[in-house]
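Worksheet: the structure to be examined is printed underneath.
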Amino acid sequence: MAEAEKYRVLPLFAEVAFLWGSPKDSTDQTKFVYYNGTENISSGMIPPIYNRSYSISADLYTPGRPGLGLRPGIAGVIVAEGSFLGGFSLYVEEGRLKHTYSFLGLRLDTITSRDELPKGKVNVRYEFTADKPGEFATSGTGRVFIAVPWSPKYSG
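Each residue of the sequence shown is one higher than the one before, counting from 2 in the numbering used here.
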């Protein structure tokens, strides 16, 4: 187990981890925290977000310019979950916060922040409000937020 931790290959047998009491739709847990470097959380272990309202937030540090290829800056995926059946991704592209959602690969929706991320520490947030919580494939409203420590700035 120490070797697995050392080489960051945990959790072992993630595809069957749901059998050991990982978060389920019926969980009372409402807050999940993941730290920098967390990778490959299997679908049986993610927080229950589908068909309900939820929010995702992340603290970032940006050099104040978008990244592209080898150019230093900020760009990339903050969190994503999905398969060939669909999923979502919260990411930074061209200096802007974006959220893309795919429903069964039939429909692709992307929300992009109006403003670029400012230089320095910033908190980004995505909120989804379900129209009919609990119903399969419920629709709803999604919004992206960018907040800097000294004054909240919302966009999206």
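The beta carbon of each residue, even a glycine, is placed where N, CA and C say it ideally should be.
- DSSP, reduced to helix, strand and coil, places A131 within a strand of the structure shown.
- In the same chain as T113, and ignoring 5 residues on each side of it, the C-beta atoms closer than 7 Å to its own belong to R97, K99, in chain order.
- Contact annotation: I50 and Y127 have beta-carbon atoms that are not nearer than 8 Å.
- For K120, the three-state secondary structure derived from DSSP is coil.
- In this structure, the alpha-carbon of E117 lies about 21 Å from that of F89.
- Residue pairing by DSSP puts D110 in a beta bridge opposite Y102.
- If the five residues before and after D110 are omitted, its C-beta is found closer than 6 Å to the C-beta atoms of Y102, all from its own chain and listed in chain order.
- For A3, the secondary structure class from DSSP, reduced to helix, strand or coil, is helix.
- Comparing C-alpha distances from S43 to each of E82, L107, V93, L86 shows the shortest one belongs to E82.
- Between the alpha carbons of E94 and S84 lies a distance of about 21 Å.
- According to the DSSP secondary-structure assignment, D60 is paired through a beta bridge with N124.
- Looking at the DSSP output, L86 sits in no beta bridge, so it has no partner there.
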